[in-house]
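Numbering (numbering that gives the first Met the number 0), first residue to last: 0 to 230. In what follows, a single structure is set out as structure tokens and then discussed.
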Amino acid sequence: MERYLPEGCLWNTTGNTASLKSVASLQESCREGKILEGRVILCDSEHNLIVDLISMKGIIPKPEGAIGIQDGSTKDIALISRVNKVVCFRIQRFDRGLDGEPVAILSRRQVQEECMDRYVKKLHPGDIIPVRVTHLEPFGAFVDIGCGIPSLIPIDAISVSRISHPRDRFYPGQKIRAIVRQIEPGGRVSLSHKELLGSWEENAALFSPGETVAGVIRSSESYGVFIELTP
Numbered sequence: 000m001e002r003y004l005p006e007g008c009l010w011n012t013t014g015n016t017a018s019l020k021s022v023a024s025l026q027e028s029c030r031e032g033k034i035l036e037g038r039v040i041l042c043d044s045e046h047n048l049i050v051d052l053i054s055m056k057g058i059i060p061k062p063e064g065a066i067g068i069q070d071g072s073t074k075d076i077a078l079i080s081r082v083n084k085v086v087c088f089r090i091q092r093f094d095r096g097l098d099g100e101p102v103a104i105l106s107r108r109q110v111q112e113e114c115m116d117r118y119v120k121k122l123h124p125g126d127i128i129p130v131r132v133t134h135l136e137p138f139g140a141f142v143d144i145g146c147g148i149p150s151l152i153p154i155d156a157i158s159v160s161r162i163s164h165p166r167d168r169f170y171p172g173q174k175i176r177a178i179v180r181q182i183e184p185g186g187r188v189s190l191s192h193k194e195l196l197g198s199w200e201e202n203a204a205l206f207s208p209g210e211t212v213a214g215v216i217r218s219s220e221s222y223g224v225f226i227e228l229t230p
């Protein structure tokens with residue numbers, strides 16, 4: 000099974016840097032159909048994404064910005080929020096901008112569809128995959144499972160011990176591993192993280208009566224203080 004990494008993982012690699020270094024290398028990458036990454040510097044009034052390709056400007060037309068944009072199942076905020084973020088894409092062709100300068104026409108949607116078909120749809124419950132935390136909400140952590148395709152780790156699936164907010168464990172941009180719980184109808188992937196931390200019994204076995212260890216105070220009640228010893 001081919002593996003498609005979360006966005007940002009290719010950005011500083013030798014191969015990606017070499018592909019962006021010149022017009023000739025971009026043209027070669029187009030012919031070879033390489034998946035590249037670049038930073039979005041602008042989302043224009045029509046929600047086209049402008050990407051800095053170092054040697055020229057790249058444009059991801061709105062319909063090519065993400066899976067679901069064309070049919071409305073993905074909202075425009077998914078494009079707007081990409082500004083100053085690294086995104087993946089393939090170069091579809093080269094054109095001229097209104098100023099006469101060369102521009103590369105890119106597609107992120109095409110890469111995401113390939114990722115869905117060749118990677119996400121072949122995942123099974125129990126698979127452990129690399130993901131990247133994109134943002135945190137009180138109810139869970141949103142992660143990129145590959146090529147910008149989002150998934151959610153619910154707060155009760157983040158840690159063995161109870162936490163008040165996902166930020167107690169994660170931060171945006173963090174690379175973690177997650178375990179596939181199930182593949183839901185429509186291809187959405189349900190994830191968990193706490194199984195990778197060991198069971199309560201396994202964690203408790205790390206300690207013995209009489210030991211002095213470090214801990215984190217999680218809550219204070221009239222009858223005592225709850226202290227976390229392991230995640």
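All C-beta atoms, glycine included, are put in the ideal place defined by N, C-alpha and C.
Less than 8 angstroms between the CB atoms is what I'm expecting for residue i and residue j, so what's the real figure, rounded?
i, j, result
"GLU112", "ILE66", "6 angstroms"
"LEU196", "VAL159", "5 angstroms"
"ARG131", "GLY7", "6 angstroms"
"ARG180", "PRO124", "6 angstroms"
"ILE157", "LYS193", "6 angstroms"
"GLY48", "ARG81", "A quick correction: the sequence has Leu, not Gly, at residue 48. That belief holds up - the Cβ atoms of LEU48 and ARG81 are roughly 6 angstroms apart, short of 8 angstroms."
Could you name the residues of the same chain whose beta carbon sits closer than 7 angstroms to that of residue i, not counting the 5 residues immediately before and after it, in chain order?
i, result
"PRO153", "PHE138 and GLY139"
"ILE182", "LEU122 and VAL188"
"VAL110", "ILE34, CYS87, PHE88, ARG89 and CYS146"
Going by DSSP in three states, residue i sits in which element: helix, strand or coil?
i, result
"GLY139", "strand"
"ALA103", "strand"
"CYS146", "coil"
"LYS61", "helix"
"ALA177", "strand"
"CYS114", "helix"
"GLN69", "coil"
Applying the 10 Å Cβ sphere with the 16-neighbour rule, what's the burial state of residue i?
i, result
"ILE58", "buried"
"TYR118", "buried"
"PRO165", "buried"
"TYR3", "buried"
Starting from the C-beta of residue i, find all residues in its chain whose C-beta is less than 8 angstroms away, skip the five residues before and the five after it, and write them out in chain order.
i, result
"VAL286", "Lying outside 0 to 230, the shown extent of the chain, residue 286 is not represented and no answer is given."
"LEU19", "LEU25, LEU35, GLY37, LEU52, ILE53 and SER54"
With a threshold of 6 angstroms on Cβ separation, who are the neighbours of residue i within its own chain once the five nearest residues in sequence on each side are excluded?
i, result
"ASP126", "VAL179"
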